[in-house]
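Asks:
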Amino acid sequence: MSSTASTQTAQPVAPAARPGRFSWELLGVLPFFLFAFFFLILPTSFLIVGGFQDADGRFTLANIRDLFQPTILKAYWISIQVSAASSIGGAILGFFLAYAAISGGLPRWVRPTLLTFSGVASNFAGVPLAFAFLATLGRTGLVTVLLVSLFDFNIYRTGFNLLSFWGLALTYMYFQIPLMVLIMAPAIDGLKREWREAASNLGGSAVDYWRYVGLPVLWPTLVGTTLLLFANAFGAVATAYALTGSSLNIVTILLFAQIRGDVLHNQNLGYALALGMILITGLSNGVYIWLRARSERWLR
Amino acid sequence: MTRRILGSWLVILVGALYFFVPLLGTFEFSLRYRRGVYSFEAYRIVLGDPRFHATFLYSTVLALATIVVGILLVVPTAYWIQLRLPRLRPVVEFITLLPLVIPAIVIVFGYLRIYNSSSILPLTGSARATDVLLMFSYVTLAMPYMYRAVDAGLRAIDVRTLTEAAQSLGASWATILLRVILPNVQVAVLSGAFLTFAIVIGEFTMASLLDRPAFGPYLQLIGANRAYEPSALAVITFAITWSCMALIQVLGRRTPGVTAGAH
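Residue numbers (my numbering), protein chains in the order written: chain X, 729 to 1028; chain P, 85 to 347.
1) What is the C-beta distance between Y804 (chain X) and V979 (chain X), in whole angstroms, given that I count them as a contact (C-beta under 8 Å)?
2) Would a check of beta-carbon distances place Y940 (chain X) closer than 8 Å to chain P?
3) Under 9 Å between beta-carbons, which chain P residues line up against T788 (chain X)? List them in chain order, please.
4) Could you work out which residues of chain C lie near N1013 (chain X), taking near to mean beta carbons separated by less than 9 Å?
5) Of the choices X:W752, X:A915, X:F881 and X:V848, whose alpha-carbon is the least far from that of I324 (chain P)?
6) Taking 8 Å as the CB-CB limit, is L172 (chain P) close to chain X?
7) Comparing alpha-carbon positions, which option in P:I191, P:R168, P:L141 and P:L97 lies nearest L768 (chain X)?
8) Check the Cβ-Cβ distances between M912 (chain X) and every residue of chain P, and say whether any is below 8 Å.
9) Can you list, in chain order, the residues of its chain whose CB lies under 8 Å from that of N882 (chain X), leaving out five sequence neighbours each side?
10) Verify the CB distance criterion: does M329 (chain P) have a CB-CB separation below 8 Å to chain X?
11) Give me, in chain order, the residues of the same chain whose beta-carbon lies closer than 8 Å to that of V95 (chain P); leave out the 5 immediate sequence neighbours on both sides.
12) Could you tell me which chain P residues have their CB closer than 9 Å to the CB of M1005 (chain X), listed as they occur along the chain?
13) In the DSSP assignment, what are the bridge partners of F787 (chain X)?
14) In or out: L758 (chain X) buried (at least 16 other Cβ within 10 Å) or exposed?
15) Mind listing which residues of the stretch 274-292 of chain P have their C-beta closer than 9 Å to chain X's C-betas, in chain order?
16) What number of angstroms, rounded off, separates the C-alpha of A970 (chain X) from the C-alpha of A934 (chain X)?
17) Just verifying my parser: in three-state terms, what is the DSSP assignment at K920 (chain X)?
18) Tell me, please, whether the CB atom of I987 (chain X) is closer than 8 Å to any CB atom in chain P?
19) Starting from H137 (chain P), trace the alpha helix (DSSP H) both ways and give me its first and last residue.
20) Enumerated in chain order, which unbroken segments of the alpha helix (DSSP H) with a length of 4 residues or greater are wholly contained in the stretch 175-231 of chain P?
21) Thinking just about the alpha-carbon of each residue, which of P:W326, P:V145 and P:T180 is nearest to the one in V158 (chain P)?
22) Tell me which residues of the stretch 886-903 of chain X have at least one Cβ-Cβ distance to chain P shorter than 8 Å, keeping chain order.
23) Quick one: grab the DSSP three-state call for P297 (chain P).
24) So, is I204 (chain P) buried or exposed, given that buried needs 16 or more other C-beta atoms within 10 angstroms?
25) When burial is assigned at 16 or more other CB atoms within 10 Å of the CB, is D880 (chain X) buried or exposed?
26) Considering Cα atoms alone, identify which of P:W93, P:F299, P:C328 and P:V319 is closest to F824 (chain X).
27) Taking 7 Å as the limit between beta carbons, can you name the residues of its chain near I89 (chain P), skipping five residues before and five after?
28) What three-state label does DSSP hand E125 (chain P) in the structure shown?
29) Secondary structure at G99 (chain P), three-state DSSP: helix, strand or coil?
30) Tell me, please, whether the CB atom of A226 (chain P) is closer than 8 Å to any CB atom in chain X?
31) Around the Cβ of E925 (chain X), are there at least 16 other Cβ atoms within 10 angstroms (buried) or fewer (exposed)?
32) Contact criterion: CB-CB distance below 8 Å. Does R197 (chain P) meet it with respect to chain X?
33) Nearest-angstrom Cα distance between I189 (chain P) and F288 (chain P)?
34) Do the stretch 857-869 of chain X and the stretch 895-908 of chain X touch if we need at least three Cβ pairs shorter than 8 Å?
35) Could you give the DSSP three-state label for G942 (chain X): helix, strand or coil?
36) Could you tell me the distance, in whole angstroms, from the CA atom of S114 (chain P) to the CA atom of Y127 (chain P)?
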């Protein structure tokens, strides 16, 4: 085992294991693959397969068809809307924050402060986050009360309700924005000063620079990260559950109720519900990874 | 030029308002327990609640177990991939990213179906076994962050030379991993560990569905039944998350080249 494997650089590695010959080196990663198989791949596959079976284990497409009943469709639709609103809103604000801190001509301490804070805030999710927003924008929350006493303005009279669609989207943005900042920061760093100078030397305005240089370089990261945020919000349970209980019918809450008590009265329909979620988060993450590979061409 | 700087400040100001007002709101709310005066009564009640102690201890122990198992799983794998099996790197990286792709609620749904009490491996059969299953589920949750932190740490050192040097001195594989590699990626491992702790300590979905007495479900229970205590708990939880992240930043700064690398 002490011989060197003679692959120092990026050269394609000589295949240590030819087909049909067992390579002892693979033993070293066996625990990892076993773990991944039993605690990631097997459970997920079970649900995927179960989505295509009836109660007796026979193949059927009935569960997939049943996903299109109004209640389930509506749950998916509200989830998609909340995720889209919070990811697009989070992406826009996150981008401007990162850009302002990095290229906005601000003092140098702004950037590390923002990045540190983003690292913390992107992990401040779940039940405590719901508490924080209830204490702030709930019916007796700080901001609600202050607005009434200072300006005689009751946000709840305008139809706003924290325990509803926009309330949830606004709350989700608390972890979406920092995540956007963390991922966009290196990309904005990658915009070279020379490009801007070259653009203005050639007589281009700031608009021209963004139209022909900035956005073409950044858009894969922008769109990709927005999709990542989308998947991030789509799979979230705890914040929504603690905030709205089960009053807002989003798909994760429905799945939660299904796991707890088979509210759909069909185990296999529950598996199909999970399958639909994997499909949506898998698709948006897949496009994210693809776009990310594209963007690495320019941003080194 | 000054217009641009003004615009930047404006953006930062809006961001700061959005992020700090809820924190302020939570803190203010947590002091309202007594009518008319601000007091720390809600904190006193929360910190004196035996369920708080029990669930917090439970989640802390679980987080520590998650960290240990996570390190034992990730460090040797990342090391071996770097040293001997670079052709498997894309596969392993893809697998470590899967927990970000598959929602946690779906993963735990699968566990409940596969490891239920009538299956071959009835991990949900007894409380102790369910604890182990919950710990494994947390290892999967933390894996994307743990793996990326450790992998970045390993790339920053010369794994091959260190290994060969140790081997020529007659070290066994266990010695190499424990006494040569691990100390060299200590900072990266600790970053991953603190992040894992921050994720696990208040986790709700998996603990709740596996029906274990963890801190996350306790938070939810208090939130559904009490008025001011939840805010006090949110402040406490935020302080924990904040200190974990602050420790990562401090560690990251001490060793240039190895950043927290959480996301």
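Glycine is no exception: its CB is placed at the ideal position from the N, C-alpha and C atoms.
Replies: According to the data block:
1) 5 Å
2) no
3) The premise fails here: T788 (chain X) is roughly 18 Å from chain P at the closest Cβ pair, so nothing lies under 9 Å.
4) Annotation note: the requested chain C is absent from the structure, which comprises protein chains X and P.
5) X:V848
6) yes
7) P:I191
8) no
9) T872, L875 and V876
10) yes
11) none
12) I186, P187, I189 and V190
13) X:Q781
14) exposed
15) L279, A282, I283, G286, E287, F288, T289 and S292
16) 45 Å
17) coil
18) yes
19) P134 to L167
20) 188-198
21) P:T180
22) M901 and Y902
23) coil
24) exposed
25) exposed
26) P:W93
27) none
28) helix
29) helix
30) no
31) exposed
32) yes
33) 10 Å
34) yes
35) helix
36) 8 Å
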